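In short: position in the sequence shown from 1, add 1, done, that's the working numbering.
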Amino acid sequence: MDRTYYSNAINSDAVTGFVTKNAYKTLNTAVYGQLDTALTEDLKLISGLRAEYWDADYKDSAGLKDDPNDWMFGGKLGLEYHLNEDHMAFTTLSRGYKAGGINVEPRISDDLRSFDTESLWNLEAGLKSFWLDGDLITSITAFYTRRSDAQIKSSIRVPKTSGSGTDFVDYFVNADRVRNIGLEAELNWSINEKYRVIASLGLLDAKLEDYENPRLLEEGTKLSGRRIAHAPAYQFNLGGEYYFAPGWTFKADMEGKDEFYYSNSHNAKSHSYVLYNASVEYKKDQWKVTLWGRNLFDKDYYTRGFYFGIDPSKSYAEETYTQYGDPRVVGLTLSYDY
Numbered sequence: 002m003d004r005t006y007y008s009n010a011i012n013s014d015a016v017t018g019f020v021t022k023n024a025y026k027t028l029n030t031a032v033y034g035q036l037d038t039a040l041t042e043d044l045k046l047i048s049g050l051r052a053e054y055w056d057a058d059y060k061d062s063a064g065l066k067d068d069p070n071d072w073m074f075g076g077k078l079g080l081e082y083h084l085n086e087d088h089m090a091f092t093t094l095s096r097g098y099k100a101g102g103i104n105v106e107p108r109i110s111d112d113l114r115s116f117d118t119e120s121l122w123n124l125e126a127g128l129k130s131f132w133l134d135g136d137l138i139t140s141i142t143a144f145y146t147r148r149s150d151a152q153i154k155s156s157i158r159v160p161k162t163s164g165s166g167t168d169f170v171d172y173f174v175n176a177d178r179v180r181n182i183g184l185e186a187e188l189n190w191s192i193n194e195k196y197r198v199i200a201s202l203g204l205l206d207a208k209l210e211d212y213e214n215p216r217l218l219e220e221g222t223k224l225s226g227r228r229i230a231h232a233p234a235y236q237f238n239l240g241g242e243y244y245f246a247p248g249w250t251f252k253a254d255m256e257g258k259d260e261f262y263y264s265n266s267h268n269a270k271s272h273s274y275v276l277y278n279a280s281v282e283y284k285k286d287q288w289k290v291t292l293w294g295r296n297l298f299d300k301d302y303y304t305r306g307f308y309f310g311i312d313p314s315k316s317y318a319e320e321t322y323t324q325y326g327d328p329r330v331v332g333l334t335l336s337y338d339y
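Below, the structure is given as structure tokens:
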């Protein structure tokens, strides 16, 4: 991987600032095995183990060199119990990991240039069911997750290499602990030959338990106990399908999301929103044509937010800048299945 960075290149007659080149190579070697064991006719034990060795090598033209490596281990132990032919209960304890890495952005301090391997323990339990002779399918899962050395995205403002103001730089950093508690539910109901209802709901309480952003701490704002960024308390989808003629299908759905923090570096938040989508599809043999529309009511909503000073007319006072989600989009898709 070879990247070139330019600073303050926008609205300039020539590129000013600096250029940094880097080479970042990684090698992963892993072995994995899983064993399913029938303990009884209705009870099954699922066990798995994974071992992985990660080796990286980084160097850049600014003189920074690093060669981190790590052995990582994960696995799972689960049970599936068929209460009867229509209902299955399950529970799983699993351990996962995510390899560490290098923040290649050269303008952050050396102590932020690398981040460690993350590990997590996850315990989940749920029930999958068939109702109404299989026409109604439901699934519900509750989970509890503990993340250690959690890799979270943060940001820092650095002075521009020319002129006034600051640039906004993202990087990954380790939080000692993050805790997730949640619930996921799904429903798929074939009411009759013409109508189907599909729904899903996700509830999440994801909090930083032991992490502070140095800049926010100086300002008197603590992150420990706060929700992690981009982790809304709820998400949902409710939709239906109408088969109104041979080969023809009308689909419509609504999707919603609660407010969430944009970043672990500031306290700006999004607003909750609901979007509406629809499509009409015609299928004949292997051909399918679909007229579709997303965000039909052209709802304004935000997906990302930044907090920094960039406007010289306001003396570079810090304020929130947001990035809109997709506006209303309408399209036609033609496809052929081989």
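Cβ coordinates follow ideal geometry from the N, Cα and C atoms, glycine included.
As the structure is a computational prediction, the values presented were derived from the model and not from experiment.
Legend entry - Nearest-angstrom Cα separation, counted from leucine 113 out to tyrosine 263: Taking the first residue of the sequence shown as position 1, residue 263 is located at position 262. Taking the first residue of the sequence shown as position 1, residue 113 is located at position 112. Their Cα atoms are separated by approximately 21 Å.
Legend entry - Cutoff 6 Å; reference valine 32; Cβ partners in own chain excluding five residues on either side: For this step, residue 32 is matched to residue 31 along the sequence shown. For valine 32, same chain residues with a beta-carbon under 6 Å away, outside a window of 5 residues either side, are Ala52 in chain order.
Inset, instruction - Count the other C-beta atoms from every protein chain shown that fall within 10 angstroms of the C-beta of glutamate 86, then say buried if there are 16 or more, exposed otherwise. - result: Position 85 of the sequence shown, counted from the first residue, corresponds to residue 86. Flag for glutamate 86 reads exposed.
Inset, instruction - Check whether the Cβ atoms of aspartate 171 and serine 191 lie closer than 8 Å to each other. - result: Stepping through the sequence shown from its first residue, residue 171 is reached at position 170. Stepping through the sequence shown from its first residue, residue 191 is reached at position 190. Result no, Cβ atoms of aspartate 171 and serine 191 do not sit closer than 8 Å.
Inset, instruction - Check valine 292 in the structure and name its three-state DSSP category. - result: Taking the sequence shown and counting its residues from 1, one reaches residue 292 at position 291. Sequence inspection shows leucine at residue 292; the valine mentioned does not correspond to that position. In this structure, leucine 292 counts as strand in the three-state DSSP scheme.
Legend entry - Beta-carbon proximity of threonine 232 to alanine 207, cut-off 8 Å: Here residue 232 is taken as the residue at index 231 of the sequence shown, counted from 1. Here residue 207 is taken as the residue at index 206 of the sequence shown, counted from 1. Threonine is not the amino acid found at residue 232; the sequence shown has alanine there. Contact: yes.
Inset, instruction - Determine, using beta carbons only, whether lysine 77 and serine 95 come nearer to each other than 8 Å. - result: Within the sequence shown, residue 77 is the residue found at index 76, counting from 1. Within the sequence shown, residue 95 is the residue found at index 94, counting from 1. Contact: yes.
Legend entry - Range of the contiguous beta strand (DSSP E) that encloses phenylalanine 251: Here residue 251 corresponds to residue number 250 of the sequence shown, with the count starting at 1. Per DSSP, phenylalanine 251 belongs to the beta strand (DSSP E) from 249-258.
Inset, instruction - Let me know the secondary structure DSSP gives aspartate 134 once reduced to three states. - result: Walking along the sequence shown from the start, residue 134 turns up at place 133. In the structure shown, aspartate 134 sits in a helix (DSSP, three-state: H, G or I).
Legend entry - Same chain, Cβ closer than 6 Å to threonine 334, neighbours up to 5 away in sequence not counted: Along the sequence shown, one-based indexing puts residue 334 at 333. Apart from sequence neighbours up to five positions away, the residues of its chain that approach threonine 334 with a beta-carbon distance below 6 Å are Thr291, ordered along the chain.
Legend entry - In DSSP terms, what valine 330 is bridged to: Along the sequence shown, one-based indexing puts residue 330 at 329. Arg295.
Inset, instruction - Measure the alpha-carbon distance for tyrosine 308 versus aspartate 37 and round it to whole angstroms. - result: Working through the sequence shown from its first residue, we reach residue 308 at position 307. Working through the sequence shown from its first residue, we reach residue 37 at position 36. In a straight line, the C-alpha of tyrosine 308 is about 50 Å away from that of aspartate 37.
Inset, instruction - Indicate whether the contact test is met: 3 or more Cβ pairs, each with one atom in the segment 45-65 and one in the segment 105-119, closer than 8 Å. - result: yes
Inset, instruction - Check whether the Cβ atoms of leucine 184 and alanine 143 sit closer than 8 Å, and answer yes or no. - result: Position 183 of the sequence shown, counted from the first residue, corresponds to residue 184. Position 142 of the sequence shown, counted from the first residue, corresponds to residue 143. It is a contact, given that the beta carbons lie within the stated cut-off.
Legend entry - Inter-residue spacing [alpha-carbon to alpha-carbon] between tryptophan 132 and serine 201: Within the sequence shown, the letter at position 131 stands for residue 132. Within the sequence shown, the letter at position 200 stands for residue 201. Using only the alpha carbons, I get a separation of about 17 Å.
Inset, instruction - Quick one: measure Cβ to Cβ for asparagine 123 and threonine 92, integer angstroms, because I've assumed they're closer than 8 Å. - result: Locating residue 123 in the sequence shown gives position 122, counting from the first residue. Locating residue 92 in the sequence shown gives position 91, counting from the first residue. The pair is not a contact, with the Cβ atoms about 11 Å apart (cut-off 8 Å).
Legend entry - Beta-bridge partners of arginine 158, as assigned by DSSP: Taking the first residue of the sequence shown as 1, we reach residue 158 at position 157. According to DSSP, arginine 158 bridges with Phe169.
Inset, instruction - May I ask you to report which of helix, strand or coil DSSP gives lysine 300? - result: Position 299 of the sequence shown, counting from 1, holds the residue named residue 300. In the structure shown, lysine 300 sits in coil (DSSP, three-state: anything other than H, G, I, E or B).
Inset, instruction - Give every residue of the same chain whose Cβ lies closer than 6 Å to the Cβ of lysine 1, excluding the five residues on either side of it in the sequence, and list them in chain order. - result: This structure gives no information on residue 1, because the portion of the chain shown stretches from 2 to 339.
Legend entry - For alanine 186, the nearest candidate out of Leu205, Tyr337, Tyr196 (CA to CA): Translated into positions along the sequence shown, residue 186 becomes position 185. For alanine 186, the nearest C-alpha among the options comes from Leu205.
Legend entry - Rounded separation between phenylalanine 251 and arginine 295 - CA only: Looking up residue 251 in the sequence shown gives position 250. Looking up residue 295 in the sequence shown gives position 294. Cα to Cα, phenylalanine 251 sits roughly 14 Å from arginine 295.
Inset, instruction - Name the two residues that bound the continuous beta strand (DSSP E) containing threonine 92. - result: To locate residue 92, count along the sequence shown from 1; it is residue 91. Note, threonine 92: beta strand (DSSP E), 88-99.
Inset, instruction - To the nearest angstrom, report how far apart isoleucine 11 and aspartate 111 are at their CA atoms. - result: The count along the sequence shown starts at 1 and reaches residue 11 at position 10. The count along the sequence shown starts at 1 and reaches residue 111 at position 110. Bear in mind that the predicted position of isoleucine 11 carries a pLDDT of just 34, short of 50, making it too unreliable to give a figure here.
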